[in-house]
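The structure appears right after this line, and notes come after that.
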Amino acid sequence: MNIDTIENGYVIDHITSGNAIKIYRLLDLENIECQVALITNVKSKKTKTKDLLKIGKLIDIDLDKIAFIDPDVTVNVVKNNKIIKKQKLQLPEKLINVCKCNNPRCITSIERNLDQVFNLTDKDKKIYRCHYCETTLEKDKFLY
Ligand SMILES: [Zn+2]
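In this note's numbering, the protein residues as written are -6 to 137.
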């Protein structure tokens, strides 16, 4: 499969297979007015297969959201057909309004205008806990 190269935008590479759609949803890419290519199960030397995501415009993207889903991706920034930056990501220490706390008694369930804040409490196991009630974040409970 051949997908056109992009003039300006992002190529998010080395996404673990299956994660591109999650990044797509979390970044709300269906609501942006530019070309987006989501390519799944690309053959790769490093791992068996990978996903790729191409965004045809230099929009503001939240790298923390991408890192939360898949910290091992590379975000290539493309300007005038050239990669000007290869960005490596790190698991964010804090997630703000990315996920929702599941605890019905959490203050965020009652006070709707509070920010949803999660802190990284175990880097190796990728465990996040609610800033207010310490409930462990269940993976895939995104705000979309
Ligand atoms: Zn909570």
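Each residue gets a CB set at the ideal place from its N, CA and C atoms; glycine is no exception.
CA-CA distance, GLU0 and LYS36?
Their Cα atoms are separated by approximately 24 angstroms.
So who's on the other strand from VAL91, going by DSSP bridges?
Looking at the DSSP assignment, VAL91 forms no beta bridge with any residue, so it has no partner.
Are there any heavy atoms of ligand 1 lying less than 7 angstroms away from the beta-carbon of ASN96, as far as the coordinates show?
For ligand 1, at least one heavy atom lies less than 7 angstroms from the Cβ of ASN96.
In chain order, what residues of the same chain have a beta carbon less than 6 angstroms from the beta carbon of LYS15, not counting five sequence neighbours either side?
Excluding the 5 residues flanking it on each side, LYS15 has same chain C-beta neighbours closer than 6 angstroms at ILE62, in chain order.
Got a sec, what are the start and stop residues for the beta strand (DSSP E) ILE8 sits in?
Looking at the DSSP string, the run of the beta strand (DSSP E) that includes ILE8 is 2 to 9.
Would you call the segment 52 to 69 in contact with the segment 2 to 12, where contact means no fewer than 3 C-beta pairs closer than 8 angstroms?
At 8 angstroms Cβ cutoff, the stretches touch.
I'd like to know if the segment 102 to 114 and the segment 84 to 93 are in contact, where contact means that at least 3 CB-CB pairs between them fall below 8 angstroms.
Counting Cβ pairs under 8 angstroms, three or more are found: they touch.
Is the beta carbon of GLN28 less than 8 angstroms from the beta carbon of GLY49?
Cβ distance < 8 angstroms, so GLN28 and GLY49 count as in contact.
Alpha carbon to alpha carbon, how far is ILE97 from GLU104?
Note on identity: in this sequence residue 97 is Pro, with Ile being the wrong assignment. So the alpha carbons of these two residues sit roughly 11 angstroms apart.
From this set, THR114, GLU131, LYS43 and LYS47, which residue's C-alpha is nearest LEU20's C-alpha?
The shortest C-alpha separation from LEU20 is found at LYS47.
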